[in-house]
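Encoded as structure tokens, the structure appears first; notes follow it.
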Amino acid sequence: MEYAFNEIEAKWREYWAANRTYRVEIDTDKPKYYVLDMFPYPSGAGLHVGHPLGYIASDIYARYKRCKGYNVLHPMGFDAFGLPAEQYAIQTGQHPRVTTEANIATYKRQLDKLGFCYDWEREVNTSEPGYYRWTQWVFLQLFGSWYNLDTQKAAPIDSLIGIFVQEGNGNVHAACGDVDTFTAEEWQQFEERQQQEILQQYRLAYQSHANVNWCAELGTVLANDEVQDGLSVRGGYPVVKKSMKQWFLRITAYTERLLRELDDLDWPESMKDMQRNWIGRSEGAEMDFPVADSQQSIRIFTTRPDTVFGATFMVLAPEHELIAELTTADQQQAVDEYITYATRRSERERQADVKQVTGVFTGSYCLNPFTQTKIPIWIGEYVLAGYGTGAIMCVPAHDSRDYAFARHFDLPIIRVVDGEQREDGSYDDKEGKLMNSGFLDGLEVREAIRSATDQVEKLGIGERQVNFKMRDAAFSRQRYWGEPFPIYYEDQIARAMPVGELPLTLPEIDSYKPTSDGEPPLARADNWQYQDYPVETDTMPGYAGSSWYFFRYMDPANNEAFVSKQAQEYWENVDLYIGGAEHATGHLLYARFWTHFLYDLGYVNQKEPFKKLINQGMIQGRSNFVYRIEGSNEFVSHGLKDQYKTTAIHVDVNIVSNDILDVEAFKKWQPDYKDASFVLENGKYHCGYEVEKMSKAKYNVVNPDHIVDQYGADTFRMYEMFLGPIEIHKPWDTQGIEGVHRFLKKFWRLFFDENGSFNLSTEEPSDQELKVLHKTIKKVSDDIDRFAFNTAISAFMVCVNELTSLKCRKQAVLKDLTILIAPFAPHIAEELWHLMGFGSTVTLAAYPDYEEAYIKEDSFTYPVAINGKVRVKIDFPLDWSKDEIEKEVIGHNDVQRWLDGKTHKKFILVPGRMINLVV
RNA sequence: GCCCGGGUGGCGGAAUUGGUAGACGCGCUGGAUUCAAAAUCCAGUGAUAGCAAUAUCGUGUGGGUUCGAGCCCCACCCCGGGUACCA
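Add 36 to the 1-based position in the first sequence for this note's numbering, that's all there is to it.
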């Protein structure tokens, strides 16, 4: 009987759906396991062959865990708000909801063909009001909370107001913006507007005028992780800094915790490093430098307080607030020109020529607080207003940027650390002894940092300070297709809508463009009001809905809460999360932040959302090329192309087989090539190839639907895993799929006799057969446990080959093998299980165990070294004693020959390793 | 520049952590079956020399440690990812 994969797969697909086979419920008798994929944005292009890689891996693991007796939650859903649907809506007028729903339908159809064991009854869609109602709810919690640094926890804002009423803010330690100290009486006397403005400084979701990343092309503000090299990640449009009033999330309150908790997560080190770098913690000190002939002083931040004796000038960011005051009359013009120049430069320009040194002297001086030397105050764009205090002391001898600045403007350089000074640069290392530094002389850098900081604190001119690179997250988007803010404005004060009013649904509008006076699209809505008060017209960014969706799967239909306490306490958090590495500093960080926050308020019992994380690599395209001889319609084969002047042209990979071009198909492919002629090698046209991103323009896109039609989902699943380790990028090569398909056919054939009828024996398996089986069980389960699915599949291939040559047709063996393979190839396994006459499904079967006795080798090969050189290798039974082995070795013919009559002085046996004879 | 990864046949990749390098698959070569093809099966396949057994070389380069190194140490080269005036 032929392996009719199409029939088999269709049959079981329908069976699983009809019987709701993969439905999961809370079951306190079983341990839980939560396997999650990063849910996709349903784009219009549908899936290509690269997308399912991670889904297949997680599905295999989910099925495996289920066989192991776990109650497995393995859901899927859609991150459905986003720019592409809205851009499409602007062009066509079609409502983004319509596009999104159509795309979701396509995705689901494609996903279902691959045999995933999702519980579709738990599907989430971030753009549905039933879902985003809770996104809005979380936002209101953030808006209604502040961060108490004393308890290191978020708390309701009411508790803060309580403190203000009682005692003012003098003793409050909070993660907050700039606020002056006030007393309880003062608080009571403030007008409401003033009170609200103060509270904004404390809220975890707050509005602020700040420099944000503005992308004119997209008509919206972007978060830092959505900008790369001064361009928007989506679309690649220029981004400029612009001061706007925007919503922000105070993620910076959580920096220490987000950093600390990373240590305990089972994530790839690279991923943790990326988050660590992004958070960018650095310890140092703030220090006041008095301005000469003035009462003013300038506060700087440095990580090298030990080098203060080498500070020969100071640089302020162009936006620094004291510049106007410090600029002298004769420098006024130069400073004005410089500031104009600096503010006009876009982010992109600034980044493009980082190496270029620019700056201007203010005309003023300040005093080095340790040496009392007068040092000039400069302005330079390399000092960033947003980091530290926006001012630095410059030690050109030990900081390469200060060095470049000093050389460019001819400022003095004083060495204070004794290190291997390079001729043409600074010595930046934190190693060496201090010199020219008064009381620090002779100390090691590390000691000197401590000592200098102590001195700063003792003198009362500064204190220890920890700074972070990470900024608060911009949370406003001037777009339509996102969650509306449940915020209205009364007397221009932002106020939370009552939770009972949620969801605040998106209004229907006539066009998705901004209004003519630049307002966001929501401003077009009629009646966009709450009780006659205007409602916020910005919407939330893409990462809002994805920052908490993993909780919603636990209890997706709940109308009372974002997740019930019971469901959350059972499912806890995600045990295994699979997705792309590109989310390191975006989604993964925001999701951690929201989870910590919800934990603080007692809504969930887990601090971290994702215990284990695996990044799947990208599947790249493998493009083929033909080489046209310039100025002709003649194409030369790859091996001969160097003899001509040629242009490489992408050719459709579907008309190339094993890099050999189907010449006739090529002529028909495009009208231009109808009359093409060819220079062949051995009668064949060989194409060149290159590995690149899969894209239509490169004619290298492979659609999973076609592969599934041709080979079946089981083959497709196994082949994607067989291609290589999950984490690495690898090119798709359709040619190789034959091997896996052949294997499945061979596996299938094990169950049928020469006449093609299903025929298994109920005889007891032989020791040899059991050995093959148990070896495979051990290897495969070990490999699955360490996510080495490619080598697990190799083990299956070896096993099937061995059983084939043993002509094994025993049910006892094949049944176990079938269960073993079920996570990889669920359809074929289910069909065989059914043919064997077992009523229940493979899905619920217990994963087979192995016996140590069968997997043990019965002999061991020892390399025998004589005077350190290995001469022979000899097999020994495992249970031999040292003496028996020694006797055997000495008696061995080859050893005798090498010993050549001499006797050995020493016999060294390294168990399990080798034997050494010293003569 | 800095921080992570990684360099193994014609190709994708194994080598369970210092013990027979190249598992498994693709491709290629030869053979069986077939009128022929497809499908299937068998054998071979790192390089060089040889009819052969076999020998020598071989995991980016150069050194080192070890009886033994793809794996550990030092220096360097190349590729991929992240990040970039963060003081």
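By construction, the Cβ of each residue, glycine as well, lies at the ideal position given by its N, Cα and C atoms.
Computed from a predicted model, the values in this text were never measured in an experiment.
- Query: Is it true that the CB of residue 609 sits closer than 9 angstroms to the CB of residue 629?
  - Reply: Here residue 629 refers to the residue found at position 593 when the first sequence is read from its first residue. Here residue 609 refers to the residue found at position 573 when the first sequence is read from its first residue. For residue 629 and residue 609, no; Cβs fall outside 9 angstroms.
| request: Starting from the Cα of residue 841, find the closest Cα among 859, 822, 804, 823 and give me that residue. | output: As a first step, residue 841 is located in the first sequence; it is residue number 805 there, counting from the start. The option with the nearest alpha carbon to residue 841 is 804.
Margin query: Considering only the alpha carbon of each residue, which of 595, 341, 542 lies closest to residue 499?
Written below: Counted from its first residue, the first sequence places residue 499 at position 463. Among 595, 341, 542, the Cα nearest to that of residue 499 is on 341.
Q. Does DSSP put residue 76 in a helix, in a strand, or in coil?
A. Position 40 of the first sequence holds residue 76. In this structure, residue 76 counts as coil in the three-state DSSP scheme.
- Task: Inspect the CB distances between the region 503-515 and the region 524-531 and report whether three or more fall short of 8 angstroms.
- Result: Using a Cβ-Cβ distance cut-off of 8 angstroms, the region 503-515 and the region 524-531 are not in contact, since fewer than three pairs of beta carbons, one from each stretch, lie closer than that value.
Could you check if residue 515 is buried or exposed, using at least 16 other CB atoms within 10 Å of its CB as the buried criterion?
Numbered from its first residue, the first sequence carries residue 515 at position 479. By the neighbour-count rule (16 or more Cβ atoms within 10 Å), residue 515 is buried.
Exercise for review: Might you give, ordered along the chain, the residues of its own chain that have their beta carbon closer than 7 angstroms to the beta carbon of residue 78, omitting 5 neighbours on each side?
Suggested key: Along the first sequence, one-based indexing puts residue 78 at 42. Around residue 78: 114, 116, 136, 139, 140, 143.
### Message
Closest to residue 535 by C-alpha separation, out of 551, 176, 147, would be which residue?
### Response
Against the first sequence, residue 535 aligns to sequence position 499. If we check each option's Cα against that of residue 535, 176 comes out closest.
Out of 496, 831, 670, 187, which has the shortest C-alpha to C-alpha gap to residue 335? As a first step, residue 335 must be located in the first sequence, where it is residue number 299. Measuring from the Cα of residue 335, the nearest candidate turns out to be 496.
Requested in this report: With distances taken Cα to Cα, identify the nearest neighbour of residue 625 among 345, 331, 309.
Outcome: Within the first sequence, the letter at position 589 stands for residue 625. Taking only the C-alpha atoms, the option nearest residue 625 is 309.
> What's the call for residue 554, buried or exposed, on a 16-neighbour Cβ count within 10 Å?
Replying inline: On the first sequence, residue 554 is found 518 positions in, with the first residue counted as 1. With fewer than 16 other Cβ atoms inside 10 Å of its own Cβ, residue 554 counts as exposed.
Do residue 602 and residue 62 come within 9 angstroms of each other at the CB atom, strictly closer than that value?
Residue numbering aside, residue 62 sits at position 26 when the first sequence is read from its first letter. Residue numbering aside, residue 602 sits at position 566 when the first sequence is read from its first letter. A contact, by the Cβ cut-off of 9 angstroms.
*In the DSSP assignment, find the alpha helix (DSSP H) that holds residue 313 and state where it starts and stops.*
Locating residue 313 in the first sequence gives position 277, counting from the first residue. From DSSP, the alpha helix (DSSP H) with residue 313 extends over 305-315.
* Extent of the continuous alpha helix (DSSP H) run through residue 379 -> Indexing the first sequence from 1 puts residue 379 at position 343. Note, residue 379: alpha helix (DSSP H), 368-380.
Starting from the Cα of residue 472, find the closest Cα among 449, 492, 491, 464 and give me that residue.
What you label residue 472 is simply residue 436 of the first sequence in a count that begins at 1. When each option's Cα is compared against that of residue 472, the closest is 449.
What are the uninterrupted segments assigned as alpha helix (DSSP H) that are 4 or more residues long and contained completely in the region 431-455, given in chain order?
436-445
Which one of 211, 125, 887 has the shortest CA to CA distance from residue 186?
Along the first sequence, read from residue 1 onward, the residue named residue 186 stands at position 150. The residue with the shortest Cα to Cα distance from residue 186 is 211.
Bridge partners - residue 250, DSSP secondary structure assignment | Here residue 250 corresponds to residue number 214 of the first sequence, with the count starting at 1. Answer is 257, 276.
Open item on the list: For a quick check, are the C-beta atoms of residue 402 and residue 328 less than 9 angstroms apart?
Closed with: Start at 1 with the first residue of the first sequence, and residue 402 comes out as number 366. Start at 1 with the first residue of the first sequence, and residue 328 comes out as number 292. A contact, by the Cβ cut-off of 9 angstroms.
Can you confirm whether the region 272-284 touches the region 237-253 when touching is taken to mean that 3 or more C-beta pairs between the two stretches lie within less than 8 angstroms? yes
Notebook entry, point to check: Between residue 654 and residue 736, what straight-line distance do the alpha-carbon atoms span, to the nearest angstrom?
Noted result: Stepping through the first sequence from its first residue, residue 654 is reached at position 618. Stepping through the first sequence from its first residue, residue 736 is reached at position 700. C-alpha separation (whole angstroms): 14 angstroms.
Report task. Could you tell me which residues DSSP pairs with residue 562 in its beta bridges? Result -> Taking the first residue of the first sequence as 1, we reach residue 562 at position 526. Residue 562 pairs with nothing; no bridge assigned.
Problem set entry | Complete beta strand (DSSP E) runs within the region 318-369 (minimum length 3 residues, chain order) | 333-338, 349-352
Residue 4 and residue 730 closer than 9 angstroms at C-beta = Absent from the model: residue 4. The displayed extent of the chain is 37 to 955, so no value can be given.
#### Entry: Touch test, the region 352-359 against the region 399-419, Cβ-Cβ under 8 angstroms, three pairs minimum
With the cut-off at 8 angstroms, the region 352-359 and the region 399-419 touch.
| Under 9 angstroms between the Cβ atoms of residue 557 and residue 541? | Here the question's residue 557 lines up with position 521 in the first sequence. Here the question's residue 541 lines up with position 505 in the first sequence. Taking 9 angstroms as the Cβ cut-off, residue 557 and residue 541 do not qualify as a contacting pair.
request  = Keeping to the same chain, check which residues put their C-beta closer than 6 angstroms to that of residue 806; ignore five residues upstream and five downstream.
outcome  = The residue labelled residue 806 in the question sits at position 770 within the first sequence. The answer, listed in chain order, is 890.
query: What are the start and end residues of the beta strand (DSSP E) that includes residue 790?
result: If you number the first sequence from 1, residue 790 lands on position 754. Segment: none, residue 790 is in no beta strand (DSSP E) and carries neither H nor E.
Span of the alpha helix (DSSP H), counted from its first residue to its last, around residue 55: Position 19 of the first sequence holds residue 55. Bounds of the alpha helix (DSSP H) holding residue 55 are 41-55.
Going straight from the alpha carbon of residue 620 to that of residue 651, what length do you get?
Here residue 620 corresponds to residue number 584 of the first sequence, with the count starting at 1. Here residue 651 corresponds to residue number 615 of the first sequence, with the count starting at 1. Each residue's alpha carbon lies about 10 angstroms from the other.
Might you give, ordered along the chain, the residues of its own chain that have their beta carbon closer than 6 angstroms to the beta carbon of residue 84, omitting 5 neighbours on each side? Along the first sequence, read from residue 1 onward, the residue named residue 84 stands at position 48. Same-chain partners within the cutoff: 730, 737.
Q) Per DSSP, residue 429 forms a beta bridge with which residues? A) Position 393 of the first sequence, counted from the first residue, corresponds to residue 429. Per DSSP, 350.
How far does the alpha helix (DSSP H) with residue 503 in it reach, from first residue to last? As a first step, residue 503 is located in the first sequence; it is residue number 467 there, counting from the start. Where residue 503 is concerned, there is no enclosing alpha helix (DSSP H), although the beta strand (DSSP E) it sits in stretches over 498-504.
Open item on the list: As a quick exercise: from 849, 46, 333, pick the residue whose alpha carbon is nearest that of residue 802.
Closed with: Mapped onto the first sequence, residue 802 falls at position 766. Comparing Cα positions, the closest option is 849.
Which same chain residues end up closer than 8 angstroms to residue 691 when comparing Cβ atoms and leaving out the 5 residues on each side of it in sequence?
If you number the first sequence from 1, residue 691 lands on position 655. So the qualifying residues of the chain are 697, 698, 701, 702, 705.
Roughly how many whole angstroms lie between the Cα atoms of residue 589 and residue 158? Taking the first residue of the first sequence as 1, we reach residue 589 at position 553. Taking the first residue of the first sequence as 1, we reach residue 158 at position 122. Distance between the alpha carbons of residue 589 and residue 158: 6 angstroms.
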